[in-house]
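To start, the structure under review is shown below, and the notes come after it.
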Amino acid sequence: MKQSVKLVAGNWKMNGLGESLAEAETLAKALKEQAAACRVALCPPATLIARMAQTLKGGVVEIGGQDCHAKASGAYTGSVSAGMVRDAGAGLVILGHSERRAGFGETDADVAAKVEAALAAGLEPIICIGETLQEREAGQAVEVVSRQVAGSLPVSLAGKAFAVAYEPVWAIGTGLTPTLEQIEEVHAAVRAAMIARLGEGGRAAPILYGGSVKPSNAAEILAVAEVGGALVGGASLKAEDFLGIIRAV
Ligand SMILES: O=C[C@H](O)COP(=O)(O)O
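Number 161 in our numbering belongs to position 137 of the sequence shown; there are no gaps in the numbering.
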């Protein structure tokens, strides 16, 4: 099966102030010097996109946002449009992260609208999906992610650059990870759902795995069939850990 080059993206979430900013900048500078066999992206908070774009200028490390509004402009206090994310220096944007789905009530339809906005602004979306622990324990993981793919991926994605990130909610920030067999099962189901939704246009986009990825488990996870990269949270804030994950690709 045709697979695009692996993508390792670091999601800094709402971190990057004081000491954690100093550490993050150290990481960004180290990454700039680092040759990598994969695409590498950093997704800082919106306020740091321009600063990180400047720090990483001239290197191969890409910059992503963590969210954007579905509208291009208007009376949406506190929001940032896809065009603004792009204008600040990002080329990618994370959409539909479970922390936004759970904490801000984002539905699959909301995510699909944001994906359309991102594409219109020239951003490459990384669309997050994943089951809760309750859904996993009820044997519904495949059903849940398949439904999320059908609802969150607009058909206009076919032929565009994008990625899907499978992040089991119960694995995020917990140190827990699914077994390699479970990851393989879900990634295969996600690929099937992408093809069902987008036809041939659903074949090439990478499916990242996210949830407690660290240097010690990155190599085995990234070797699983259909794992096209990683979306890394906590470990993307520490230079040694993130570099260790990139080396594992
Ligand atoms: O976007 C990243 C994920 O939420 C994973 O976070 P984590 O690596 O801290 O578990």
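Idealized CB from N, CA, C, for every residue including glycine.
Remember, it's a predicted structure, so these values are computed and weren't measured experimentally.
Segment contact flag, the stretch 46-54 with the stretch 133-147, C-beta cutoff 8 angstroms, min 3 pairs
no
Can you round the beta-carbon distance between L80 and R110 to whole angstroms, since I take them to be within the 8 angstroms contact cut?
So it is not a contact: roughly 16 angstroms between Cβ atoms.
Tell whether a beta-carbon distance below 8 angstroms holds between V188 and I153.
yes
Rounded straight-line distance, which links the Cα of I269 to that of G258:
12 angstroms
Buried or exposed, going by whether 16 or more other CB atoms sit within 10 Å of the CB of A126?
exposed
Would DSSP call N35 helix, strand or coil?
strand
At least 3 beta-carbon pairs within less than 8 angstroms: the stretch 60-78 vs the stretch 30-37
yes
Taking DSSP's pairing of strands, which residues face L255 in a bridge?
A33 and G234
Within the stretch 52-101, ranges of the alpha helix (DSSP H) (whole runs, at least 4 residues):
73-79
Could you give the C-beta distance for A94 and A141, rounded to a whole number, given that I count them as a contact under 8 angstroms?
5 angstroms
A106 and C92: beta carbons closer than 8 angstroms?
yes
Just to check, is the beta-carbon of S44 closer than 7 angstroms to a non-hydrogen atom of ligand 1?
no
Say the cut is 7 angstroms; is the CB of L72 nearer than that to a heavy atom of ligand 1?
no
L119 and K138 closer than 8 angstroms at C-beta:
yes
Span of the alpha helix (DSSP H) around L267:
A263 to A272
So which of A162, A249, A217 and S103 has the shortest CA-CA distance to V169?
A217
What residue does the beta strand (DSSP E) around I151 start on, and which one ends it?
E148 to I153
For R171, the nearest candidate out of A213, L204 and Q206 (CA to CA):
A213
Identify which residue in N39, S180, L66 and R271 has its Cα closest to the Cα of V85.
L66
CB of G257 to nearest heavy atom of ligand 1: below 7 angstroms?
yes
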